[in-house]
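>
In this note's numbering, the protein residues as written are 318 to 616.
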């Protein structure tokens, strides 16, 4: 069995930055801290910090309740970012705030804030219930109209008859092909479309690496949280080119029956997947390879 790693995969800059900041709190024994939302979409990382005493809350009400229950002096904002008004409310609680928002997400915040102040309606490409998108909508000013679409078909459900100009941004983990199709369609019936490319470079690179690797292997393993948007998109791409593709969170989900002894196995991982999880998966597949190889020799 041959294992081939995608050229680009795993922790992106924004995730690494926030995880490192949280790890510093652990290293300095400053565990009177809490994260606002899961800092990243990876259960193994969340469990690790939970074990170290750094848990998370989902909203302001939960945060205020935690302040009653125990001493909290530091709040780490999740990588996906939060609404502007929520961040302002947290700052009023006299806590140290470590803003872990990915710089690429902050870029989206600044774009929608500036352009909405200039009177532009906003169209966001992504999932309406994703934490990143919820955060982005919190930076739209002046009560301008805004729309959230997950695909090209969603455009048909919106009345654009009074829209003469619009700004388009996307979730930072979106697929570029989808975004381009939506923008092209908007250009066909709205006089002024201002598109800002907000897909992060790591998403681009990881997706391109899977595009390249998946057609060349027999089995494709994509590692990452089941609720990780960027990992799901990597899996969609992998499945398109390699039928035997599997999305797993860690090595415990691997099944020896997925593999043959002479397979080429490709591995990719989402932007929230730490190196140690990737290493565990590789080692488990190597174990499977030895078992399968020995069974062939014995027969």
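Cβ atoms here follow ideal geometry from the backbone N, Cα and C, with glycine treated the same way.
(1) Taking residue 416 as part of the beta strand (DSSP E), name the residues at either end of that continuous run.
(2) So the candidates are 583, 378 and 595; which of them puts its Cα closest to the Cα of residue 319?
(3) Three or more C-beta pairs closer than 8 Å, one from the segment 373-388 and one from the segment 449-460: is that the case here?
(4) Quick one: is the Cβ of residue 449 within less than 6 Å of any heavy atom of the ligand NAP?
(5) Using C-beta distances below 7 Å, list every residue in its chain close to residue 326, excluding the 5 sequence neighbours before and after it, in chain order.
(6) List the endpoints of the continuous beta strand (DSSP E) containing residue 455.
(7) Do residue 483 and residue 438 come within 7 Å of each other at the CB atom, strictly closer than that value?
(8) Would you say the segment 492-505 touches the segment 454-462, given that touching needs at least three Cβ pairs under 8 Å?
(9) Roughly how many angstroms separate the alpha carbons of residue 402 and residue 521, rounded to a whole number?
(10) Per DSSP, what kind of secondary structure is residue 334 in: helix, strand or coil?
(11) Per DSSP, which one or two residues make a beta bridge with residue 581?
(12) How many angstroms separate the CA atom of residue 594 from the CA atom of residue 518?
So, from the data block:
(1) 413-416
(2) With distances taken between Cα atoms, residue 319 lies closest to 583.
(3) no
(4) Annotation note on the ligand NAP: not contained in the displayed structure, which lists no ligands.
(5) 523, 526, 585 and 586
(6) Per DSSP, residue 455 belongs to no beta strand (DSSP E) and is neither H nor E.
(7) yes
(8) no
(9) 31 Å
(10) helix
(11) 319
(12) 22 Å
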